[in-house]
Amino acid sequence: MNAEQKARAIVNFHKQELCDKEGVAAILTISGGDGGNVYVQQANVAAHPDTPFTRRISAYDPKAPRISTQIQVGAEHYNRLVRMIQKGEHPKLALDLEVSFTKEDSCWDILAELPGSDLKNELVMIGAHFDSWHGGTGATDNGTGSAVCLEAMRILKMVGLTPRRTIRIGLWSGEEQGLLGSAAYVKKHFGERVGPDSNFTVTLKPEAEKFSVYFNNDNGSGKVRGVYMQANESVRPIFRAWLAQFRDLGAATLTLENTGGTDHLSFDQIGLPGFQFIQDPIEYGTRTHHSTMDVFDRAQPDDLKQASVIMAAFAYNAAMRDGQFPRKPLPQPQTPRGSQ
Ligand SMILES: [Zn+2]
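Encoded structure:
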């Protein structure tokens, strides 16, 4: 954060604190985007910009303080209100708000599998998150990823091939609140990090020995262009060979780069191979991601068919190959930079 951004964040913090103290009816904020699109996620609890992210409290935390109602308004409508006020008008708004909290335990993962044959105790997983934000219906975040995984399973079942390893699909809940569904599943079955971020160790459960690889789809409706290798160079020749079949479908890129923000990280953070595909952005960042335009009309049917075929092939190839998927060394705490 540069000095100007920080100054702005401090003003916003004090503004929000003042509104909460005064007990205002609601705080209206201008939404990003245009054309009437409204980006909307969760309400914020006022936090000074110096508060570390790990110490900030979420509005949906049962221990969160009472805060003012927060409403995002489309830019054009918000600006009109501003112009009216600048000209001395006193616009009145009627707000109809009907929201409630669901129970703390209302978070469920959906799992199913195609049983393997000679290596059926070993596991290949594919998945996507099934939850979404409320502005739209969550069509591209992440209905499309869930549909790709379901279609991949349908293809594998329909062609009647028997995989060697079991192929399991996981449709995760609570991803948007912090990968909660996949993290809970990984912790229950495969292992966890123990200790603070600066000094953790990884403990693995017996099931982790039978785990091969996980593939995730959660970057919108765009077609698959390749794979982020999550800094695991040893998987390059495997993906290179598998992608050779899909050059004509436009999927050929491998990058050693990490990508974050979605459920493969729950596996990756304890050293299990977990990968997200590189996808065409289409209008994910500019229109549909966490917005009122995240609806069915924005899904791209042909791109989703391409992604489903590639997901099915990756799952099948992983289930059939000789040997488990190569792993990175177990993650280690990072030495803080500049400490010497
Ligand atoms: Zn998502």
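Going by our numbering, the letters in the sequence shown line up with residues 265 to 604, in that order. Virtual Cβ for every residue (Gly too), placed ideally from N, Cα, C. These figures come from a predicted structure and were not determined experimentally.
### Query
Is Gln604 helix, strand or coil by DSSP?
Note that Gln604 has pLDDT 41, beneath the 50 cutoff, so the model's placement of it is unreliable and no number is given.
### Message
Quick check: does the Cβ of Asp405 come within less than 7 angstroms of any heavy atom belonging to ligand 2?
### Response
Within the structure as shown, ligand 2 is missing, the only ligands being ligand 1.
### Query
Rounded to a whole number of angstroms, what is the C-alpha to C-alpha distance between Pro329 and Ala323?
8 angstroms
### Through-space distance from Gln540 to Glu521, alpha-carbon basis
11 angstroms
### Task
Determine the direct distance from the alpha carbon of Ala403 to that of Leu568, and round the result to whole angstroms.
12 angstroms
### Message
Pop quiz: Ser210 and Asp373 are said to be a contact at Cβ under 8 angstroms. What is the actual Cβ separation, rounded to whole angstroms?
### Response
Residue 210 is absent from the structure shown; the chain starts at 265 and stops at 604.
### Message
Which residue marks the beginning of the alpha helix (DSSP H) containing Thr408, and which one marks its end?
### Response
Thr408 to Val423
### Whole-angstrom distance between Arg489 and Gly514, CA atom to CA atom
6 angstroms
### Query
For Thr404, which three-state DSSP category applies?
helix
### Query
Who pairs with Gln540 in a beta bridge, going by DSSP?
Asn480
### Glu286 Cβ short of 7 angstroms to ligand 1 heavy atom set
no
### Message
Do Met422 and Ala376 count as a contact pair if the criterion is CB distance below 8 angstroms?
### Response
no
### Task
State the Cα-Cα distance for the pair Phe317 and Thr526, rounded to the nearest angstrom.
18 angstroms
### Message
Alpha carbons only, please: which of Gln494, Pro595 and Asn581 is nearest the one belonging to Thr426?
### Response
Asn581
### Query
Whole alpha helix (DSSP H) runs in the stretch 445 to 530 with 4 or more residues, listed along the chain?
470 to 473 and 500 to 508
### Task
Kindly indicate which residue of Gly442, Lys327 and Gln596 has the alpha-carbon position closest to the one of Asn463.
Gln596
### Message
ligand 1 and His671: does any heavy atom of the ligand fall closer than 7 angstroms to the residue's C-beta?
### Response
Residue coverage of the chain in this structure runs from 265 to 604, which leaves residue 671 outside it and unanswerable.
### Query
Is DSSP giving Arg429 helix, strand or coil here?
strand
### Selection from Gly524, Ala505 and His528 that minimises the alpha carbon distance to Thr517
Ala505
### Query
My guess is that Gly400 and Asp558 are in contact by the Cβ rule of under 8 angstroms, so how many angstroms apart are they, rounded?
3 angstroms
### Message
Would the stretch 337 to 353 count as touching the stretch 286 to 303 if we require 3 or more Cβ pairs under 8 angstroms?
### Response
yes
### Task
Return the first residue and the last residue of the alpha helix (DSSP H) that Ile390 is part of.
Careful: Ile390 lies outside any alpha helix (DSSP H), inside the beta strand (DSSP E) at Leu383 to His393.
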